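Q: Mind looking over this structure? Questions follow.
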Amino acid sequence: MNLSKRAVLLASIALLASGQLLHAQGTLRVVGKDYKLEHVVAYETKFFDDNVNAVLLCAKPIPIDKLKAELQKGSDTGFFLFEPEVKLTFDQSGKLLSVFIWADNNSISTGGTMDEAKVEADFKDGKAHGKVAMNSEKDDPKYRFDVVFDVAVMKSPAAPRKP
């Protein structure tokens, strides 16, 4: 086994051991271009003043340390990847509250009633499990995604204490 394959194997084992990567797969289509979403992280954050769970699926590896640093400030509002991604925000009961999509300089955000979304999600025992599909042919840019995830939920780090 060459050195690069060994490094990938060891990194994968470390992620599995840390509970941050179990399973994710999905596709995202924006303006006729497809992306494979194979990287995932689920984490606790704030949505306005509410405690929520977010699931971020991305085409490229997610920099967990940068995400943790942003969460240390209280929420993920300043965390951007600028890689093809789908971010799903759920309330504590598993109801989908919002969707954020980014791919090739197209930023799409939707919230409120999302009747066109097919959602099966639960957050129990520190794990996030779900399937979410959404198709929007009426919007400009047109998009659709179909994702499946099974991942440990990263606890929100405590906010730094102020002196």
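Per this note's numbering, residue 678 is the first one in the sequence shown, and the count goes up by one each step. From the three backbone atoms N, C-alpha and C, an ideal C-beta is built for every residue, glycine too. On a predicted model such as this, the values are computed, not experimentally measured, just so you know.
When burial is assigned at 16 or more other CB atoms within 10 Å of the CB, is residue 700 buried or exposed?
A: In the sequence shown, counting from the first residue as 1, residue 700 sits at position 23. Exposed.
Q: Cα-Cα, which of 708, 821, 735, 706 is closest to residue 715?
A: Here residue 715 refers to the residue found at position 38 when the sequence shown is read from its first residue. Answer by Cα proximity: 735.
Q: Distance check for residue 819 and residue 745, CA to CA, integer angstroms please.
A: Working through the sequence shown from its first residue, we reach residue 745 at position 68. Working through the sequence shown from its first residue, we reach residue 819 at position 142. Those two C-alpha atoms are separated by around 32 Å.
Q: How would you write the range of the alpha helix (DSSP H) that residue 746 sits in, first residue to last?
A: Position 69 of the sequence shown, counting from 1, holds the residue named residue 746. Looking at the DSSP string, the run of the alpha helix (DSSP H) that includes residue 746 is 741 to 748.
Q: Please name the residue, chosen from 764, 827, 770, 769, that lies closest to residue 778 on a Cα-to-Cα basis.
A: As a first step, residue 778 must be located in the sequence shown, where it is residue number 101. Nearest C-alpha to residue 778: 764.
Q: Apply the 10 Å Cβ neighbour rule to residue 754 and answer buried if 16 or more other Cβ atoms are within range, or exposed otherwise.
A: As a working note, residue 754 is residue 77 in the sequence shown. With fewer than 16 Cβ atoms within 10 Å of its Cβ, residue 754 is classed as exposed.
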